[in-house]
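The numbering of the sequence shown is my numbering, which starts it at 674 and goes up by one. Virtual Cβ for every residue (Gly too), placed ideally from N, Cα, C.
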Amino acid sequence: MSTSKAVADAIVLQLQQVADVRSRAMMGGRLIYADEVLVGQINEDELFVKASAFVDEYAPELERRPPYDGAKPAAVVPTGRLDDQGWLRGLLAGSVEALRGKR
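Here's what the structure looks like:
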């Protein structure tokens with residue numbers, strides 16, 4: 674199953690409300706870049722954020738699973754959390770910092 678364009682567009686729009694985000698189509702899903710850092714992807718209509726020590730600390734409650742067969746586990750952001758702009762802003766900013774190696 675791939676990601677529907679409407680769902681992916683809606684998720685990207687939510688992310689763009691809180692950070693400098695762009696997306697790129699990739700194998701039926703979308704890669705998500707925040708401040709030009711690959712922070713995750715949208716796959717099968719869900720947002721996955723790359724694993725990091727920051728994500729483990731910031732959002733330990735998030736389910737971890739691979740976005741597709743053979744991928745490393747990532748944090749799955751529940752749809753309801755996409756409306757929480759403060760939380761989402763923190764998640765993206767901290768992920769960018771962690772993935773750039775600053776955390």
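| query | result |
| --- | --- |
| With three or more beta-carbon pairs closer than 8 Å as the criterion, would you say the region 680-687 touches the region 734-742? | no |
| As a quick exercise: from Glu719, Glu730, Val710, Arg773, pick the residue whose alpha carbon is nearest that of Gly701. | Glu719 |
| Could you say which of Leu711, Leu704, Ala679 lies nearest to Gly774 if we only look at CA atoms? | Leu711 |
| In this structure, what does DSSP give as the bridge partners for Leu711? | Tyr706 |
| Given this structure, state the Cα-to-Cα distance separating Gly743 from Thr676, to the nearest angstrom. | 18 Å |
| By a C-beta neighbour count over all protein chains shown, 10 Å radius and 16 as the cutoff for buried, is Ala714 buried or exposed? | Strictly speaking, residue 714 in this sequence is Gln, with Ala absent from that position. It counts as buried. |
| What does Arg697 pair with, by DSSP beta-bridge criteria? | Leu704 |
| Between Ala771 and the rest of its own chain, which residues show a CB-CB distance below 6 Å, the 5 nearest in sequence each way excluded? | Ser725, Phe727 |
| Hey, is Ala707's beta-carbon within less than 8 Å of any beta-carbon in chain D? | Here chain D cannot be found, since the structure has a single protein chain. |
| My guess is that Pro740 and Phe721 are in contact by the Cβ rule of under 8 Å, so how many angstroms apart are they, rounded? | 4 Å |
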